Amino acid sequence: MLSLDSYPNGFTRVAKLAPPCPWLYTGGLENHAAIVDEIAEERTLWGNPGDVLKRVRDPNLVSDALRQAGLPAAKIRSADRPPGPTGDWLLKPTNGAGGGGIAVWDEATNDHTTLNRPYCFQERLEGLPISATFVATRNIAHLVGVTRQFVGTKSWGAAKFSYCGSLGPFRFSAAQTEGIVRIGRTLAEVFGLRGLFGVDLIYDGQSATPVEVNPRYVASIEVLERAMDMPLLEWHRRACESYEEGAGSLQVDDDLVFQLAKAVNGRQEVVGKAILFARDDLICPPFKPIRKALPRDGCFLADIPQSGSQIAAGRPICTVLATGSSETGCLRRLGRARRRVEQYISKCRCS
(Lines of atoms letter the chains of each structure in order from A and count residues from 1; the text may use other names and numbers.)
(Lines give C-alpha, C1' and ligand atoms only; values in the text may rest on other atoms or scores of the structure.)
Protein backbone atom coordinates (compact mmCIF):
# COMPACT_ATOMS: atom_id res chain seq x y z
CA MET A 1 0.00 0.00 0.00
CA LEU A 2 1.25 3.49 -0.90
CA SER A 3 0.28 6.46 1.27
CA LEU A 4 -0.15 10.08 0.23
CA ASP A 5 1.97 12.87 1.66
CA SER A 6 -0.63 15.42 0.53
CA TYR A 7 -4.08 15.44 -1.04
CA PRO A 8 -4.64 15.64 -3.94
CA ASN A 9 -1.18 16.52 -5.31
CA GLY A 10 0.37 13.44 -3.72
CA PHE A 11 -1.45 11.24 -6.23
CA THR A 12 0.95 12.14 -9.02
CA ARG A 13 3.93 10.98 -6.94
CA VAL A 14 2.21 7.75 -5.91
CA ALA A 15 1.14 7.04 -9.50
CA LYS A 16 4.79 7.13 -10.59
CA LEU A 17 5.68 4.53 -7.96
CA ALA A 18 2.93 2.08 -8.93
CA PRO A 19 3.64 -0.71 -11.44
CA PRO A 20 2.56 -0.15 -15.07
CA CYS A 21 -1.19 -0.75 -15.36
CA PRO A 22 -4.43 1.02 -16.22
CA TRP A 23 -5.99 3.12 -13.48
CA LEU A 24 -9.27 4.66 -12.36
CA TYR A 25 -10.22 7.20 -9.71
CA THR A 26 -12.97 7.39 -7.12
CA GLY A 27 -14.20 9.98 -4.65
CA GLY A 28 -13.14 13.60 -4.73
CA LEU A 29 -10.41 13.25 -7.35
CA GLU A 30 -13.09 14.01 -9.95
CA ASN A 31 -12.74 17.64 -8.81
CA HIS A 32 -9.06 17.78 -9.81
CA ALA A 33 -9.07 17.48 -13.59
CA ALA A 34 -5.46 18.59 -14.03
CA ILE A 35 -4.17 15.82 -11.77
CA VAL A 36 -6.31 13.24 -13.58
CA ASP A 37 -4.86 14.35 -16.91
CA GLU A 38 -1.30 14.37 -15.58
CA ILE A 39 -1.55 10.77 -14.40
CA ALA A 40 -3.35 9.76 -17.61
CA GLU A 41 -0.37 10.95 -19.66
CA GLU A 42 1.65 8.02 -18.32
CA ARG A 43 -0.91 5.25 -17.88
CA THR A 44 -4.21 4.24 -19.47
CA LEU A 45 -7.21 5.86 -17.81
CA TRP A 46 -10.35 3.80 -17.35
CA GLY A 47 -12.71 6.71 -16.86
CA ASN A 48 -13.42 10.28 -17.83
CA PRO A 49 -10.56 12.64 -18.71
CA GLY A 50 -10.12 16.15 -17.40
CA ASP A 51 -12.04 17.99 -20.13
CA VAL A 52 -15.12 15.87 -19.43
CA LEU A 53 -14.76 16.36 -15.67
CA LYS A 54 -14.57 20.14 -15.94
CA ARG A 55 -17.83 20.29 -17.88
CA VAL A 56 -19.92 17.65 -16.14
CA ARG A 57 -18.98 18.95 -12.69
CA ASP A 58 -20.33 22.39 -13.64
CA PRO A 59 -23.88 22.52 -12.16
CA ASN A 60 -25.01 25.21 -14.61
CA LEU A 61 -23.92 23.21 -17.66
CA VAL A 62 -25.63 20.07 -16.35
CA SER A 63 -28.86 21.93 -15.59
CA ASP A 64 -28.87 23.58 -19.02
CA ALA A 65 -28.24 20.27 -20.82
CA LEU A 66 -31.11 18.56 -19.03
CA ARG A 67 -33.57 21.41 -19.58
CA GLN A 68 -32.71 21.67 -23.27
CA ALA A 69 -33.58 17.98 -23.57
CA GLY A 70 -36.92 18.56 -21.86
CA LEU A 71 -35.83 16.76 -18.69
CA PRO A 72 -36.21 17.86 -15.05
CA ALA A 73 -33.32 19.70 -13.41
CA ALA A 74 -32.84 21.50 -10.12
CA LYS A 75 -32.57 25.27 -10.43
CA ILE A 76 -29.04 26.64 -10.01
CA ARG A 77 -27.83 30.10 -9.04
CA SER A 78 -24.19 31.14 -9.20
CA ALA A 79 -22.27 32.62 -6.30
CA ASP A 80 -22.72 36.16 -7.61
CA ARG A 81 -26.52 35.78 -7.71
CA PRO A 82 -27.40 34.58 -4.20
CA PRO A 83 -31.08 33.93 -3.46
CA GLY A 84 -32.75 35.26 -0.36
CA PRO A 85 -31.78 33.30 2.79
CA THR A 86 -35.25 31.79 3.15
CA GLY A 87 -34.30 28.12 3.52
CA ASP A 88 -35.59 27.26 0.03
CA TRP A 89 -32.09 26.86 -1.40
CA LEU A 90 -28.97 24.85 -0.59
CA LEU A 91 -25.46 26.22 -0.40
CA LYS A 92 -23.24 23.66 -2.20
CA PRO A 93 -19.51 23.54 -2.90
CA THR A 94 -18.84 22.97 -6.59
CA ASN A 95 -15.84 20.80 -5.69
CA GLY A 96 -17.45 18.74 -2.96
CA ALA A 97 -17.89 15.00 -2.42
CA GLY A 98 -20.06 12.82 -0.21
CA GLY A 99 -22.35 15.67 0.76
CA GLY A 100 -19.63 17.57 2.62
CA GLY A 101 -20.02 21.33 2.79
CA ILE A 102 -23.73 21.41 1.90
CA ALA A 103 -25.99 23.55 4.05
CA VAL A 104 -29.46 25.04 3.98
CA TRP A 105 -29.17 28.66 2.84
CA ASP A 106 -30.77 30.76 5.58
CA GLU A 107 -29.86 33.54 8.00
CA ALA A 108 -27.63 31.21 10.02
CA THR A 109 -25.49 30.30 7.00
CA ASN A 110 -24.04 33.72 6.15
CA ASP A 111 -20.64 32.80 7.65
CA HIS A 112 -20.54 29.13 6.58
CA THR A 113 -17.10 27.74 5.71
CA THR A 114 -18.32 26.71 2.24
CA LEU A 115 -18.38 30.42 1.36
CA ASN A 116 -14.55 30.30 1.44
CA ARG A 117 -14.37 27.86 -1.51
CA PRO A 118 -16.02 27.66 -4.96
CA TYR A 119 -19.77 27.32 -4.43
CA CYS A 120 -23.21 27.72 -5.95
CA PHE A 121 -26.83 27.62 -4.82
CA GLN A 122 -29.21 24.81 -5.72
CA GLU A 123 -32.96 24.65 -5.38
CA ARG A 124 -33.94 22.66 -2.29
CA LEU A 125 -36.09 19.72 -3.35
CA GLU A 126 -38.28 17.57 -1.11
CA GLY A 127 -38.29 13.80 -1.54
CA LEU A 128 -36.27 10.62 -1.24
CA PRO A 129 -32.56 10.74 -2.19
CA ILE A 130 -31.75 8.06 -4.75
CA SER A 131 -28.83 7.30 -7.06
CA ALA A 132 -28.87 5.81 -10.56
CA THR A 133 -25.82 3.92 -11.82
CA PHE A 134 -25.01 3.78 -15.54
CA VAL A 135 -22.38 2.21 -17.77
CA ALA A 136 -21.63 4.34 -20.83
CA THR A 137 -20.08 2.59 -23.83
CA ARG A 138 -19.00 4.20 -27.07
CA ASN A 139 -22.57 3.80 -28.34
CA ILE A 140 -25.01 4.36 -25.48
CA ALA A 141 -25.44 4.59 -21.70
CA HIS A 142 -27.06 1.58 -19.99
CA LEU A 143 -28.95 1.89 -16.69
CA VAL A 144 -27.56 -0.70 -14.28
CA GLY A 145 -29.83 0.01 -11.35
CA VAL A 146 -31.10 2.50 -8.79
CA THR A 147 -30.42 2.59 -5.06
CA ARG A 148 -31.95 4.46 -2.19
CA GLN A 149 -29.43 6.73 -0.48
CA PHE A 150 -28.95 7.28 3.23
CA VAL A 151 -28.10 10.93 3.78
CA GLY A 152 -27.49 12.53 7.17
CA THR A 153 -28.95 9.58 9.10
CA LYS A 154 -28.65 10.48 12.79
CA SER A 155 -28.66 6.89 14.05
CA TRP A 156 -25.43 6.30 12.12
CA GLY A 157 -23.84 9.48 13.48
CA ALA A 158 -23.77 11.20 10.08
CA ALA A 159 -23.76 14.97 9.70
CA LYS A 160 -26.67 16.56 7.85
CA PHE A 161 -26.40 16.00 4.07
CA SER A 162 -23.49 13.55 4.47
CA TYR A 163 -23.73 10.36 2.43
CA CYS A 164 -23.83 7.40 4.80
CA GLY A 165 -25.03 4.42 2.78
CA SER A 166 -27.19 2.83 0.09
CA LEU A 167 -29.94 0.23 -0.23
CA GLY A 168 -31.03 -1.48 -3.39
CA PRO A 169 -32.06 -2.24 -5.96
CA PHE A 170 -34.85 0.34 -5.75
CA ARG A 171 -37.86 -0.42 -7.97
CA PHE A 172 -39.79 1.97 -10.22
CA SER A 173 -42.60 1.73 -12.74
CA ALA A 174 -41.64 1.30 -16.39
CA ALA A 175 -42.45 4.95 -17.13
CA GLN A 176 -40.39 6.24 -14.20
CA THR A 177 -37.49 3.98 -15.16
CA GLU A 178 -37.61 5.29 -18.73
CA GLY A 179 -37.37 8.84 -17.41
CA ILE A 180 -34.20 7.99 -15.48
CA VAL A 181 -32.78 6.20 -18.54
CA ARG A 182 -33.31 9.36 -20.62
CA ILE A 183 -31.48 11.43 -18.01
CA GLY A 184 -28.44 9.16 -18.03
CA ARG A 185 -28.27 8.87 -21.79
CA THR A 186 -28.62 12.61 -22.28
CA LEU A 187 -25.79 13.32 -19.85
CA ALA A 188 -23.56 10.68 -21.43
CA GLU A 189 -24.16 12.05 -24.91
CA VAL A 190 -23.81 15.74 -24.10
CA PHE A 191 -20.71 15.43 -21.91
CA GLY A 192 -19.03 12.39 -23.47
CA LEU A 193 -19.15 10.26 -20.33
CA ARG A 194 -17.59 6.81 -20.47
CA GLY A 195 -17.70 3.80 -18.20
CA LEU A 196 -19.44 3.77 -14.84
CA PHE A 197 -21.04 6.96 -13.57
CA GLY A 198 -23.74 7.90 -11.10
CA VAL A 199 -26.54 10.45 -11.03
CA ASP A 200 -27.93 11.56 -7.67
CA LEU A 201 -31.62 12.43 -7.79
CA ILE A 202 -34.51 13.42 -5.55
CA TYR A 203 -37.61 11.26 -6.01
CA ASP A 204 -40.93 12.88 -5.03
CA GLY A 205 -43.06 9.78 -5.55
CA GLN A 206 -43.87 10.61 -9.16
CA SER A 207 -40.65 11.62 -10.87
CA ALA A 208 -36.94 12.00 -10.12
CA THR A 209 -34.95 15.22 -10.50
CA PRO A 210 -31.14 15.10 -10.87
CA VAL A 211 -29.11 17.10 -8.36
CA GLU A 212 -25.54 15.93 -9.10
CA VAL A 213 -23.47 13.86 -11.52
CA ASN A 214 -20.62 11.69 -10.26
CA PRO A 215 -18.53 10.75 -13.33
CA ARG A 216 -16.78 7.74 -11.75
CA TYR A 217 -17.14 4.50 -9.82
CA VAL A 218 -19.64 5.49 -7.10
CA ALA A 219 -20.19 4.21 -3.56
CA SER A 220 -23.52 2.51 -4.31
CA ILE A 221 -22.01 0.22 -6.97
CA GLU A 222 -20.99 -2.48 -4.50
CA VAL A 223 -24.63 -2.71 -3.40
CA LEU A 224 -25.79 -3.35 -6.96
CA GLU A 225 -22.91 -5.75 -7.60
CA ARG A 226 -23.95 -7.90 -4.66
CA ALA A 227 -27.68 -7.67 -5.34
CA MET A 228 -27.37 -8.45 -9.07
CA ASP A 229 -24.32 -10.71 -8.88
CA MET A 230 -22.60 -8.68 -11.60
CA PRO A 231 -18.91 -7.64 -11.70
CA LEU A 232 -19.50 -4.01 -12.64
CA LEU A 233 -15.84 -3.08 -12.54
CA GLU A 234 -15.27 -5.55 -15.37
CA TRP A 235 -18.03 -3.87 -17.37
CA HIS A 236 -16.40 -0.52 -16.63
CA ARG A 237 -13.20 -1.83 -18.19
CA ARG A 238 -14.99 -3.18 -21.25
CA ALA A 239 -16.98 0.03 -21.68
CA CYS A 240 -13.86 2.21 -21.55
CA GLU A 241 -12.03 -0.06 -23.96
CA SER A 242 -15.00 0.04 -26.35
CA TYR A 243 -13.93 3.55 -27.36
CA GLU A 244 -10.90 2.02 -29.04
CA GLU A 245 -12.67 -0.90 -30.70
CA GLY A 246 -14.63 0.75 -33.54
CA ALA A 247 -17.47 -1.40 -34.84
CA GLY A 248 -16.45 -4.16 -32.46
CA SER A 249 -17.77 -2.08 -29.57
CA LEU A 250 -21.32 -3.15 -30.48
CA GLN A 251 -20.57 -6.55 -28.98
CA VAL A 252 -20.02 -4.89 -25.61
CA ASP A 253 -23.53 -3.41 -25.74
CA ASP A 254 -25.11 -6.72 -26.75
CA ASP A 255 -23.32 -8.58 -23.97
CA LEU A 256 -24.18 -5.97 -21.36
CA VAL A 257 -27.87 -5.84 -22.31
CA PHE A 258 -28.04 -9.63 -22.02
CA GLN A 259 -26.34 -9.71 -18.61
CA LEU A 260 -28.49 -6.88 -17.23
CA ALA A 261 -31.67 -8.63 -18.36
CA LYS A 262 -30.44 -11.88 -16.81
CA ALA A 263 -29.69 -10.14 -13.51
CA VAL A 264 -33.02 -8.28 -13.39
CA ASN A 265 -35.02 -11.42 -14.17
CA GLY A 266 -33.04 -13.57 -11.76
CA ARG A 267 -33.43 -13.82 -8.02
CA GLN A 268 -32.26 -10.61 -6.40
CA GLU A 269 -31.74 -9.93 -2.72
CA VAL A 270 -31.94 -6.49 -1.20
CA VAL A 271 -28.48 -5.34 -0.20
CA GLY A 272 -27.64 -2.44 2.06
CA LYS A 273 -24.52 -0.70 3.27
CA ALA A 274 -24.25 1.93 5.94
CA ILE A 275 -21.29 3.93 7.19
CA LEU A 276 -20.94 4.28 10.95
CA PHE A 277 -19.53 7.64 12.07
CA ALA A 278 -17.82 8.39 15.37
CA ARG A 279 -19.96 10.42 17.77
CA ASP A 280 -16.90 11.31 19.88
CA ASP A 281 -13.14 11.10 19.47
CA LEU A 282 -12.08 7.50 19.99
CA ILE A 283 -9.20 5.04 19.79
CA CYS A 284 -10.30 1.95 17.90
CA PRO A 285 -10.25 -1.41 19.69
CA PRO A 286 -9.46 -4.65 17.81
CA PHE A 287 -12.40 -5.43 15.49
CA LYS A 288 -11.82 -9.20 15.28
CA PRO A 289 -14.07 -10.00 18.30
CA ILE A 290 -17.03 -7.96 17.01
CA ARG A 291 -16.66 -9.43 13.54
CA LYS A 292 -17.02 -12.89 15.03
CA ALA A 293 -19.90 -11.80 17.29
CA LEU A 294 -22.10 -10.37 14.54
CA PRO A 295 -25.10 -12.57 13.77
CA ARG A 296 -24.41 -14.81 10.79
CA ASP A 297 -27.49 -13.70 8.87
CA GLY A 298 -25.97 -11.78 6.03
CA CYS A 299 -24.19 -9.03 7.99
CA PHE A 300 -20.50 -8.24 7.83
CA LEU A 301 -18.09 -5.33 8.28
CA ALA A 302 -15.80 -3.58 5.79
CA ASP A 303 -13.41 -0.61 5.83
CA ILE A 304 -12.24 -1.76 9.25
CA PRO A 305 -9.75 0.54 11.03
CA GLN A 306 -6.50 -0.66 12.52
CA SER A 307 -6.54 -1.39 16.21
CA GLY A 308 -5.25 1.66 18.11
CA SER A 309 -5.98 4.14 15.32
CA GLN A 310 -7.45 7.47 16.36
CA ILE A 311 -10.74 8.56 14.82
CA ALA A 312 -12.06 12.07 15.36
CA ALA A 313 -15.71 12.76 16.05
CA GLY A 314 -17.66 12.94 12.81
CA ARG A 315 -15.26 10.72 10.87
CA PRO A 316 -16.16 7.23 9.55
CA ILE A 317 -15.42 4.22 11.75
CA CYS A 318 -16.39 1.33 9.46
CA THR A 319 -19.00 0.15 6.96
CA VAL A 320 -21.74 -2.34 7.77
CA LEU A 321 -23.24 -4.44 4.96
CA ALA A 322 -26.31 -6.66 5.08
CA THR A 323 -28.61 -8.63 2.80
CA GLY A 324 -32.29 -9.46 3.11
CA SER A 325 -35.32 -10.60 1.17
CA SER A 326 -36.96 -7.18 1.60
CA GLU A 327 -36.01 -3.57 2.34
CA THR A 328 -37.47 -3.86 5.84
CA GLY A 329 -35.54 -7.02 6.61
CA CYS A 330 -32.30 -5.57 5.29
CA LEU A 331 -32.74 -2.36 7.29
CA ARG A 332 -33.37 -4.34 10.47
CA ARG A 333 -30.17 -6.31 9.98
CA LEU A 334 -28.20 -3.14 9.38
CA GLY A 335 -29.65 -1.61 12.52
CA ARG A 336 -28.88 -4.65 14.67
CA ALA A 337 -25.31 -4.79 13.41
CA ARG A 338 -24.82 -1.07 14.04
CA ARG A 339 -26.00 -1.41 17.64
CA ARG A 340 -23.69 -4.37 18.23
CA VAL A 341 -20.69 -2.46 16.90
CA GLU A 342 -21.47 0.66 18.97
CA GLN A 343 -22.01 -1.43 22.12
CA TYR A 344 -18.71 -3.21 21.56
CA ILE A 345 -16.81 0.06 21.08
CA SER A 346 -18.47 1.57 24.15
CA LYS A 347 -17.62 -1.49 26.25
CA CYS A 348 -13.97 -1.39 25.14
CA ARG A 349 -13.70 2.30 26.02
CA CYS A 350 -15.04 1.69 29.51
CA SER A 351 -12.86 -1.33 30.25
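Everything in the sequence shown is counted per the numbering used here, starting at 112 for the first residue and increasing by one. Quick reminder that beta carbons are idealized off the backbone N, C-alpha and C, glycines included. All values derive from a computational prediction rather than experimental measurement.
(1) Around the C-beta of Glu352, are 16 or more other C-beta atoms found within 10 angstroms, so that it is buried, or is it exposed?
(2) Within 10 angstroms of its Cβ, does Asp311 collect 16 or more other Cβ (buried), or is it exposed?
(3) With DSSP as the reference, identify every bridge partner of Asp200, one or two as the case may be.
(4) For Ile251, tell me which candidate among Ile401, Val431 and Gln362 has the shortest Cα-Cα distance.
(5) Excluding five sequence neighbours on each side, which residues of the same chain lie with their C-beta closer than 7 Å to the C-beta of Pro160?
(6) Short of 6 Å in beta carbon distance, which residues of its chain neighbour Gly309, apart from the five on each side in sequence? Order them along the chain.
(7) Between the Cα of Arg476 and the Cα atoms of Arg337, Asp365 and Leu335, which residue gives the shortest distance?
(8) Output yes or no for whether 8 Å exceeds the beta carbon distance between Ala184 and Thr297.
(9) Can you tell me whether Gly377 is buried or exposed? The criterion is at least 16 other CB atoms within 10 Å of its CB, across all chains shown.
(10) Measuring only the C-alpha atoms, how far is Cys459 from Gly419?
(11) Out of Cys441, Val163, Glu153 and Ala145, state which residue places its alpha-carbon closest to the alpha-carbon of Pro130.
(12) If you run the structure through DSSP and keep just helix, strand and coil, what is Asp340?
(13) With distances taken between CB atoms, is the gap from Val262 to Ser273 smaller than 8 Å?
(14) Where in the stretch 372-397 do unbroken runs of the beta strand (DSSP E), each at least 3 residues long, occur, reported from the N-terminal end onward?
(15) Run through the DSSP bridge pairs and tell me what Asn325 is partnered with.
(16) Helix, strand or coil, according to DSSP, for Asp169 in the structure here?
Short version:
(1) Locating residue 352 in the sequence shown gives position 241, where the first residue counts as 1. It is buried - the Cβ of Glu352 has at least 16 other Cβ atoms within 10 Å.
(2) The residue you call residue 311 lines up with position 200 of the sequence shown. Asp311 should be labelled buried.
(3) The residue given as residue 200 occupies position 89 in the sequence shown. The sequence given here has Trp at residue 200, not Asp. The partner list for Trp200 (beta bridge, DSSP) reads Glu234.
(4) Taking the sequence shown and counting its residues from 1, one reaches residue 251 at position 140. Of Ile401, Val431 and Gln362, the residue nearest in Cα terms is Gln362.
(5) Start at 1 with the first residue of the sequence shown, and residue 160 comes out as number 49. So the qualifying residues of the chain are Val147, Asp148 and Ala151.
(6) Locating residue 309 in the sequence shown gives position 198, counting from the first residue. Only Ser242, Thr244, Asn325 and Val329 meet the Cβ criterion.
(7) No answer is possible for residue 476: it lies beyond the span of the chain, which begins at 112 and ends at 462.
(8) For the purposes of this step, residue 184 is taken as the residue at position 73 of the sequence shown. For the purposes of this step, residue 297 is taken as the residue at position 186 of the sequence shown. Result no, Cβ atoms of Ala184 and Thr297 do not sit closer than 8 Å.
(9) On the sequence shown, residue 377 is found 266 positions in, with the first residue counted as 1. When all chains shown are included, Gly377 counts as exposed.
(10) Within the sequence shown, the letter at position 348 stands for residue 459. Within the sequence shown, the letter at position 308 stands for residue 419. About 12 Å.
(11) Numbered from 1 along the sequence shown, position 19 holds the residue referred to as residue 130. The residue with the shortest Cα to Cα distance from Pro130 is Glu153.
(12) The residue given as residue 340 occupies position 229 in the sequence shown. Reduced to three states, the DSSP call for Asp340 is coil.
(13) The residue given as residue 262 occupies position 151 in the sequence shown. The residue given as residue 273 occupies position 162 in the sequence shown. Yes, these two residues count as a Cβ contact at 8 Å.
(14) 381-388
(15) Reading the sequence shown from its first residue, position 214 is the one you call residue 325. For Asn325, which the question treats as bridged, DSSP gives the partners Gly309.
(16) Along the sequence shown, one-based indexing puts residue 169 at 58. The answer is coil: DSSP assigns Asp169 none of H, G, I, E or B.
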